[in-house]
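Undergrad:
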Amino acid sequence: MPDNVTSLFRSTAAHSPSMAALVRESDGTGPVDFCIPCNPYFPTPAMFEEMASRLREIITYYPSSADAITAELCELLHLPPQCVAMGNGSTELITWIDHLLVRESLAVPVPTFGRWTDQPMETGKRVDMFPLQEAGGFALDLGQYAEFIRARGTRVAVLCNPNNPDGGFLPRQSVVQFMDAMADLDLVVIDESFLEFADAEAEPSVVQEAMLRPNVIVLRSLGKNFGLHGIRFGYLVANPGLAHKVRSMLPKWNLNSFAEYVVFMLKQHGAEYTQSLLQVRRDRLEMASQLSALPGLTVYPSQGNFLFVRLPLGAEGTVVRDRLLTEHRILVRECGNKVGSSSRFLRLVVRPETDVHRLVAGLEQVLYEPAVPELGYSSGTAAVDRLVGATNGAGARLTASSGSPVIAAALAAGAGMPLPAAPPPPGAGIPVPVPVPAAQPAPPQQIPQQPAPAPVAPPSPMAPPSPMTPPPIPVPASPYPAPAPPPAAAAVAPTPMPVPVPAQAPAPVPAQAPAPPAALGPTPPGVPARGGLTAAQVRGMTAPGTPAPAPAPGWPNAQSWPNAAGAGAPAPMG
């Protein structure tokens, strides 16, 4: 693609340029899209042909009212229409939630979807941002988040499950406990826009519980799940009073004719939709495995239809993004403009295996050719890398026999593998005002610390990491017993941190032995965190040979459309 298309990224604030803009600035064909997180397997080609044959009729006439379209969706999902409000995309619903229900302040973990931070600030609200720590694999500790909300006096709390961009997942029971603990807030929003792609639990949604609570809204997406971002439609579920407050402010024809046509055709394509979700989950595992084989690239566990990755030391995210686009026609999401992230991170959408092979080949050339680290490598990035080198170690070196020929040719630069993430400390628990009877969950499994590798000479090829389970997500302590604290870390003498020195080109970072995992503390400000999980650790959850988890609720299996809230009998198809 021509170099001028990369200039489109300079004019965007919190998002990437649209695919239409990229196509207009190129030769008329778009790149392979690893940026926009939608389902690549749905609608099916036959469904697209059906819509194309009705195009004139669809775009010529007014759609039905939003109430009529919402009623059809609710019949499909077994939800009461008075508890649902459909919007012209989730962004429209977020906007009305902010205008109608956020009075003074809103709390949200970061990094996350940009509209949850930008929208309230645009209307003068205070946004309390709770930073997710990379050293803990970006896992959200709900107990610490609750304490943060109390300390700040925040009136509205937002929780994205799975979170965007890292794909972090919270068990359903933990989310229910959090909602109960925050019962005195003005509002609690659970954004489940990507929950259809999760397979960690059979019934992960809290839609049913939200309808029974006075201050909870659950936000759901249709465009992402159905692979139709261009059709702006999504919905929220809440108690009848909250849902009516939002629904009453929406225009009568806020939903377009394409949205209506898709909603009314869904009941005939339940089996295809279910199959598409299963395929995305399989692709996610395979894509994580391939990316984790790239030296120095960290892959974080995800339950969304995307993977959050940290680039190796010396790689500048904007340079990687631009070269992938112009030299390989691959579009990726560089996350330097996301609050709580940096240009060292990419979000890569899960795509079919053929596209993933193309992505991996492009990354091999862009990341590991000897001249790449100097291209666009700013003095600021060099300073950060020197800090990381001093506090996190340079990692183990590979030899010329490791990896592909392209990678082996660049190993003289000493690309290091990231250290494993230290498990986050147990949360203090959420102060639930009234105990909620529930089954007592099993204590989370602790991840054993991996000892630092002993230095050897000469260096030898690195052995592949052994499968591990991801860091446990702490469950609130009340009314449940808190997990046992981890063993005390061994005392290690602190290492002074060097002062960054501006430079035109990065100074080589001498290799040094990695610090023992026990010595890793909180990430210093301005320094990319130390750790993360590789795909091998992701595979610890869904290793080959383990029983396949049940599909997420809310959408059809091959015979029926079950209740979206995971309760009640399924409706017969037809």
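956 is the number of the first residue of the sequence shown in our numbering; add one for each residue after it.
Yeah, the Cβ is synthetic: ideal placement off N, Cα and C, and Gly gets one too.
(1) Whose C-alpha, out of L1210, P1256 and D1135, is nearest the C-alpha of P1117?
(2) Going by DSSP, what residues sit across from P1064 in a beta bridge?
(3) Would you say A1021 and K1207 are within 9 Å of each other, going by their C-beta atoms?
(4) Just the C-alpha distance for V1254 and A1090, rounded to the nearest angstrom, thanks.
(5) How many angstroms separate the CA atom of R1239 from the CA atom of L1286?
(6) What's the gap between the Cα of P1075 and the Cα of E1324?
(7) Considering Cα atoms alone, identify which of E1077, P1064 and A1094 is closest to D1083.
(8) By how many angstroms is the C-alpha of F997 removed from the C-alpha of A1226?
(9) Would you call the CB atoms of G1189 and G1069 closer than 9 Å?
(10) What separation, rounded to the nearest whole angstrom, lies between the Cα atoms of D1310 and A1198?
(11) How is the beta strand (DSSP E) around G1042 delimited, first residue to last?
(12) By a C-beta neighbour count over all protein chains shown, 10 Å radius and 16 as the cutoff for buried, is S932 buried or exposed?
(13) Flag this pair as touching only if the region 1261-1270 and the region 1134-1147 have three or more C-beta atom pairs under 8 Å; answer yes or no.
(14) Pick from K1222, A1248, E1047 and V1305: whose alpha carbon is nearest that of F1263?
(15) According to DSSP, is A1153 helix, strand or coil?
(16) Looking at V1201: is its Cβ nearer than 9 Å to the Cβ of A1040?
(17) Just reading off the alpha helix (DSSP H) that F1300 is part of, what are its end residues?
(18) Would you mind working out which of E1308, G1295 and L1280 sits nearest Q1320, comparing C-alpha positions?
(19) In chain order, what residues of the same chain have a beta carbon less than 6 Å from the beta carbon of M1006, not counting five sequence neighbours either side?
(20) Starting from V1264, trace the beta strand (DSSP E) both ways and give me its first and last residue.
(21) Determine the DSSP secondary structure at C990, reduced to helix, strand or coil.
(22) Given that a residue counts as buried once 16 or more other Cβ atoms are within 10 Å of its Cβ, and exposed if not, what is Q1088?
(23) Which partner residues of T1253 appear in the DSSP bridge assignment?
(24) For the region 1052-1060 and the region 1106-1114, state whether three or more C-beta atom pairs, one from each stretch, are separated by less than 8 Å.
(25) What number of angstroms, rounded off, separates the C-alpha of V1289 from the C-alpha of N1119?
(26) Quick check: the Cα distance between L1140 and R1105, rounded to an integer number of angstroms?
(27) Buried or exposed: which applies to A1448, given that a residue is buried once 16 or more other Cβ atoms fall within 10 Å of its Cβ?
(28) For F1152, which residues from the same chain have a beta carbon less than 6 Å from its beta carbon, with the 5 sequence-adjacent residues on both sides left out?
(29) Could you spell out the range, first to last residue, of the beta strand (DSSP E) harbouring I1172?
(30) Under the assumption that M1220 contacts N1194 (Cβ atoms under 8 Å), give the Cβ distance between them as a whole number of angstroms.
(31) With H, G and I counted as helix, E and B as strand and the rest as coil, what does DSSP make of Y1100?
(32) Assuming A1205 and I1172 form a contact by the criterion Cβ under 8 Å, report the distance between their Cβ atoms to the nearest whole angstrom.
(33) Can you name, in chain order, every residue of its own chain whose Cβ lies under 7 Å from the Cβ of T1067, other than the five neighbours on each side?
(34) Does DSSP classify R1009 as helix, strand or coil?
TA: In short:
(1) The residue you call residue 1117 lines up with position 162 of the sequence shown. It is P1256.
(2) The residue labelled residue 1064 in the question sits at position 109 within the sequence shown. F1085.
(3) In the sequence shown, counting from the first residue as 1, residue 1021 sits at position 66. In the sequence shown, counting from the first residue as 1, residue 1207 sits at position 252. Inclusion of A1021 and K1207 in the CB contact set at 9 Å is warranted, their separation being smaller than that value.
(4) Within the sequence shown, residue 1254 is the residue found at index 299, counting from 1. Within the sequence shown, residue 1090 is the residue found at index 135, counting from 1. So the alpha carbons of these two residues sit roughly 13 Å apart.
(5) Mapped onto the sequence shown, residue 1239 falls at position 284. Mapped onto the sequence shown, residue 1286 falls at position 331. R1239 and L1286 have their C-alpha atoms spaced approximately 18 Å apart.
(6) Residue 1075 sits at position 120 when you count from the first residue of the sequence shown. Residue 1324 sits at position 369 when you count from the first residue of the sequence shown. Spanning the alpha carbons of P1075 and E1324 requires a straight line of approximately 43 Å.
(7) Here residue 1083 refers to the residue found at position 128 when the sequence shown is read from its first residue. Ranked by how close their Cα comes to the Cα of D1083, the residues E1077, P1064 and A1094 have P1064 in first place.
(8) On the sequence shown, residue 1226 is found 271 positions in, with the first residue counted as 1. On the sequence shown, residue 997 is found 42 positions in, with the first residue counted as 1. Distance between the alpha carbons of A1226 and F997 is about 11 Å.
(9) The residue you call residue 1189 lines up with position 234 of the sequence shown. The residue you call residue 1069 lines up with position 114 of the sequence shown. Going by C-beta atoms, G1189 is not nearer than 9 Å to G1069.
(10) Within the sequence shown, residue 1310 is the residue found at index 355, counting from 1. Within the sequence shown, residue 1198 is the residue found at index 243, counting from 1. D1310 and A1198: Cα-Cα distance of roughly 41 Å.
(11) Taking the sequence shown and counting its residues from 1, the one referred to as residue 1042 is at position 87. V1039 to G1042 is the extent of the beta strand (DSSP E) around G1042.
(12) Missing from the structure shown is residue 932; the chain here goes from 956 to 1529 and no further.
(13) Contact between the region 1261-1270 and the region 1134-1147 is absent, because fewer than three Cβ pairs lie under 8 Å.
(14) What you label residue 1263 is simply residue 308 of the sequence shown in a count that begins at 1. Relative to F1263, the option among K1222, A1248, E1047 and V1305 whose CA is nearest is V1305.
(15) In the sequence shown, residue 1153 corresponds to position 198, counting from 1. Of the three classes helix, strand and coil, the one that applies to A1153 here is coil, per DSSP.
(16) In the sequence shown, the residue the question calls residue 1201 occupies position 246. In the sequence shown, the residue the question calls residue 1040 occupies position 85. Closer than 9 Å, so yes.
(17) Numbered from its first residue, the sequence shown carries residue 1300 at position 345. Taken as a continuous stretch (DSSP letters only), F1300 belongs to no alpha helix (DSSP H), being part of the beta strand (DSSP E) at F1300 to V1304.
(18) Counting from one through the sequence shown, the residue named residue 1320 turns up at place 365. For the set E1308, G1295 and L1280, the Cα lying nearest the Cα of Q1320 is the one of L1280.
(19) Residue mapping note: residue 1006 aligns to position 51 of the sequence shown, counting from 1. For M1006, where only same-chain residues beyond five positions count, there are no Cβ hits under 6 Å.
(20) Residue 1264 sits at position 309 when you count from the first residue of the sequence shown. Per DSSP, V1264 belongs to the beta strand (DSSP E) from F1261 to R1265.
(21) Stepping through the sequence shown from its first residue, residue 990 is reached at position 35. C990 sits in coil when the DSSP states are folded into three classes, being neither helix nor strand.
(22) The residue given as residue 1088 occupies position 133 in the sequence shown. Under this definition Q1088 is a buried residue.
(23) In the sequence shown, counting from the first residue as 1, residue 1253 sits at position 298. According to DSSP, which records beta bridges pairwise, T1253 is partnered with R1265.
(24) The answer is yes - the region 1106-1114 touches the region 1052-1060, with three or more Cβ pairs under 8 Å.
(25) Your numbering for residue 1289 matches position 334 in the sequence shown. Your numbering for residue 1119 matches position 164 in the sequence shown. Correcting the residue type first, residue 1289 is Glu in the shown sequence and not Val. Looking at the two C-alpha atoms, the distance is approximately 13 Å.
(26) In the sequence shown, counting from the first residue as 1, residue 1140 sits at position 185. In the sequence shown, counting from the first residue as 1, residue 1105 sits at position 150. C-alpha separation (whole angstroms): 10 Å.
(27) Residue 1448 sits at position 493 when you count from the first residue of the sequence shown. At A1448 the pLDDT is 43, less than 50, meaning the model places this residue with poor confidence; the figure from the coordinates comes in the next sentence. Exposed: under 16 other Cβ atoms inside 10 Å.
(28) As a position in the sequence shown, residue 1152 is number 197, starting the count at 1. Contacts found: V1235, G1259 and N1260.
(29) Translated into positions along the sequence shown, residue 1172 becomes position 217. Counting along the chain, the beta strand (DSSP E) containing I1172 begins and ends at V1171 to S1176.
(30) Sequence index remark: in the sequence shown, residue 1220 carries index 265 (1-based). Sequence index remark: in the sequence shown, residue 1194 carries index 239 (1-based). With a Cβ gap of about 30 Å, M1220 and N1194 do not count as contacting.
(31) Within the sequence shown, numbered from 1, the residue matching residue 1100 stands at position 145. The answer is helix: DSSP assigns Y1100 an H, G or I state.
(32) Position 250 of the sequence shown holds residue 1205. Position 217 of the sequence shown holds residue 1172. Sequence inspection shows Leu at residue 1205; the Ala mentioned does not correspond to that position. Rounded, the Cβ-Cβ distance is 14 Å, inconsistent with contact.
(33) What you label residue 1067 is simply residue 112 of the sequence shown in a count that begins at 1. Only residues of its own chain outside the window of five on either side were considered, and among them C1115, N1118 and N1119 have a CB closer than 7 Å to the CB of T1067, listed in chain order.
(34) One-based indexing of the sequence shown puts residue 1009 at position 54. Under the three-state reduction of DSSP output, R1009 falls in the coil class, being neither helix nor strand.
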